[in-house]
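Colleague: FYI, in the numbering used here the residues of the sequence shown are 5 to 223.
Backbone N, C-alpha and C fix where the C-beta goes; we use that ideal spot for every residue, glycine too.
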Amino acid sequence: MEHLRLQYHENLAYADHQVGRMLAEIERRGLMNRTIVVVASDHGEGFYEHGFLLHNYTLFDEVLHVPLIIRFPSSLGQVPKSWPFPVELRRVFATICDALGVRSCRRPDESLLIAIRNEPGQDRPVFAISERANGTPLKGLVSGKHKLIGTGDRFEHLILYDLDADSQEKNDLAAQRPEVTRVLGEILRRTRLERVTLRDSPPIPDETRQRLKALGYGD
């Protein structure tokens with residue numbers, strides 16, 4: 005397992021080096037003051053901290069907690085600031101639109117700039133969704149110091165963690181804190197994703213299929 009961890013760290017170091025090369029080239033071309041830089045990740049990786057390897061079928065922090073850095077050019081007048089609370093990556097788009105003054109964004113209220121300007125703390129619960137191996141939905145939310153994970157078609161099985169006291173997410177407190185579990189469970193059920201029927205998609209070109217396969221997403 006230590007060998008896999010080392011490989012993962014090597015990949016991170018390689019990605020960091022490539023980002024550095026890109027930023028250096030932007031700087032060399034004199035474009036940094038016209039460039040918004042976003043550094044993020046779609047997921048982390050697990051190494052059996054909770055019985056899972058890599059990033060499938062889990063909503064623990066080793067998979068969910070990824071970096072998010074947004075660097076605005078000084079011409080946009082945004083003051084650098086750290087935001088210590090978790091956010092959803094889907095809010096990045098509204099944040100960029102807000103910074104650029106684009107008003108056609110569908111959900112302008114999701115801009116992180118609004119939260120940073122106006123809110124002293126976490127401004128809303130943070131949601132995450134995954135899929136279980138048997139197809140049962142898996143969804144979670146973080147509100148304040150609590151994380152709730154629900155399984156089942158109506159999320160009837162709930163697991164509660166206190167992230168301040170238990171950052172490794174080892175102790176399920178659902179039975180000990182029934183009121184917190186009940187309230188967060190109601191929020192989770194109200195916001196559960198509706199099942200949808202997808203329209204038929206055109207065939208994937210062979211070149212695209214090969215690229216997906218090379219990334220580990222093909223069969």
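(1) Give me the residue from A179, F131, E6 with the minimum Cα distance to E53.
(2) Taking C-alpha atoms, which residue in R186, S147, I118 lies nearest to L167?
(3) Using three-state DSSP, classify A17 as helix, strand or coil.
(4) Kindly indicate the opening and closing residues of the alpha helix (DSSP H) around G189.
(5) Have a look at W87, R110, L104 and flag the residue whose alpha-carbon is nearest the alpha-carbon of N122.
(6) Which residues bound the alpha helix (DSSP H) around R213?
(7) For a quick check, are the C-beta atoms of Q82 and F89 less than 8 Å apart?
(8) How would you write the range of the alpha helix (DSSP H) that T99 sits in, first residue to last?
(9) Determine the burial state of R95: buried for a count of at least 16 other Cβ atoms within 10 Å of its Cβ, exposed for fewer.
(10) Can you look up G154 in the DSSP assignment and give me helix, strand or coil?
(11) Find the nearest neighbour of L162 within the set N175, S171, A169, judged by alpha-carbon distance.
(12) To the nearest angstrom, how far is it from the Cα of G34 to the Cα of E190?
Modeller: According to the structure data:
(1) E6
(2) S147
(3) helix
(4) 182–194
(5) W87
(6) 210–218
(7) no
(8) 95–104
(9) buried
(10) strand
(11) N175
(12) 51 Å
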